[in-house]
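Numbered per the UniProt record's numbering, the sequence shown spans residues 40 to 365.
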Amino acid sequence: ATWTAEHGWHDAVVREFGPLQLSPAAAVLHYAQEIFEGMKAYRHEDGSVWTFRPEANAARMARSARRLALPELSEEDFIASLTALVQADEKWVPAYGTGETSLYLRPFMFASEAFLGVRPAREVTYSVIASPAGAYFKGGLKPVSLWVSQDYARAGDGGTGAAKCGGNYASSMAGQIEGADHGCDQAVFLDSATHTYIEELGGMNLFFVMKDGRLRTPALTGSILEGITRDSILTLAKDLDLEPVQERIEIQEWKDGVVSGEITEIFACGTAAVVTPVGELRWDGGSAPSGSPEGGGEVTRAIRSTLLDIQYGRATDTRGWMTRLV
Ligand code: PMP
């Protein structure tokens with residue numbers, strides 16, 4: 040669909056996947072005025088197709104839009120766009136019982152106006168593409184090793200860290216490369232002001248399972264993405280006899296906690312991997328032992344299967360989190 044300052048949203052169509060027509064002067068190519076979402080469509084046993092908490096993705100996209108000075112799309116139009124695409128592409132939603140397979144959905148919005156001046160675009164394009172996704176983990180849950188990015192932050196105070204915009208991912212890549220150069224799977228980013236507090240990974244939020252039953256996650260300080268998996272886990276925690284706590288957590292507490300045994304498990308979460316155990320932490324000049332047993336700890340595995348059972352329709356959806364698309 041296209042948005043113009045004169046006519047609002049119009050011309051919504053479902054069409055075959057193919058290249059976009061874009062002017063080389065399109066504002067997005069110069070000023071990165073772009074936002075997106077990441078979701079999945081799940082096949083249930085009776086053949087129906089569902090998605091998880093689309094209202095939350097619609098609300099986050101609206102918040103991202105406000106931050107990036109893009110027009111908002113209503114929750115109704117957002118969900119209608121997913122339904123239209125998944126109905127047209129139903130054959131690409133993997134069959135039930137083929138492991139953790141789904142149809143990944145990528146809604147995105149960008150400044151398509153051809154204009155080189157720096158101001159919010161008056162023509163914007165919204166689109167959704169889809170791609171079948173296999174299991175994120177092949178051959179069991181392997182803890183991911185993490186690199187502490189000391190020099191690079193992905194977001195700062197007053198910046199766009201809480202929005203899901205492309206620029207945040209561009210700014211996290213140098214830290215990811217640094218991590219890979221040190222043999223780590225991913226980078227963990229700290230707050231940009233003091234380089235002391237844990238924020239998140241490039242594409243996942245973090246949780247710490249404490250010996251005393253607390254389930255801690257970094258508070259939303261404005262530079263962390265408000266993950267929908269994170270929010271769902273905070274809600275589910277009580278069912279699992281865990282006490283959810285959102286607060287600032289120092290990187291030093293991580294290093295000390297895994298050594299003292301105060302932290303019993305660490306995991307990361309997001310739509311793509313759902314929940315993944317976190318292994319060794321490395322930084323310039325040191326390392327801390329794995330925050331998880333091989334295959335993930337008990338709590339990590341329980342939270343992971345609880346979420347997956349809801350998403351694939353194997354457990355009753357008592358919270359109304361699932362929306363039927365087909
Ligand atoms: N943080 C970042 C930076 C992300 O890109 C994502 C993925 N959207 C997440 C956290 C997890 O969010 P969600 O649970 O909504 O997928």
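Glycine residues also receive a C-beta, built at the ideal position from the N, C-alpha and C atoms.
Query: Distance cut-off 7 angstroms: LYS203 Cβ against heavy atoms of the ligand PMP; Result: yes
Query: C-alpha distance - GLY300 paired with GLY309, whole-angstrom precision; Result: 26 angstroms
Query: The ligand PMP heavy atom lying under 7 angstroms from the CB of residue 374; Result: Because the chain here runs from 40 to 365, residue 374 falls outside it and cannot be looked at.
Query: GLY218 versus ILE290 - alpha carbon distance; Result: 16 angstroms
Query: Supposed close pair residue 24, LYS203 - CB separation, criterion 8 angstroms; Result: There is simply no residue 24 to check, as the chain begins at 40 and stops at 365 in what is shown.
Query: Completely contained alpha helix (DSSP H) runs for the stretch 274-353, where each covers 4 or more residues; Result: 290-299 and 337-350
Query: For PHE154, three-class secondary structure by DSSP; Result: coil
Query: Any non-hydrogen atom of the ligand PMP closer than 7 angstroms to GLY335 Cβ; Result: no
Query: Delimiting residues of the beta strand (DSSP E) encompassing GLY261; Result: Where GLY261 is concerned, there is no enclosing beta strand (DSSP E), given that its DSSP letter is neither H nor E.
Query: LEU264 Cβ short of 7 angstroms to the ligand PMP heavy atom set; Result: yes
Query: Helix, strand or coil at TYR236 [DSSP, three-state]; Result: strand
Query: Span of the alpha helix (DSSP H), counted from its first residue to its last, around MET212; Result: 205-220
Query: Per DSSP, cross-strand counterpart(s) of LYS79; Result: TYR143
Query: Distance cut-off 7 angstroms: GLY261 Cβ against heavy atoms of the ligand PMP; Result: no
Query: Top-ranked residue by Cα proximity to GLN285, from LEU264, ARG255, THR303 and LEU279; Result: ARG255
Query: beta-carbon ILE290 near the ligand PMP non-hydrogen atom, thresh 7 angstroms; Result: no
Query: Cβ-heavy atom distance, THR345 to the ligand PMP, below 7 angstroms; Result: no
Query: beta-carbon MET249 near the ligand PMP non-hydrogen atom, thresh 7 angstroms; Result: no
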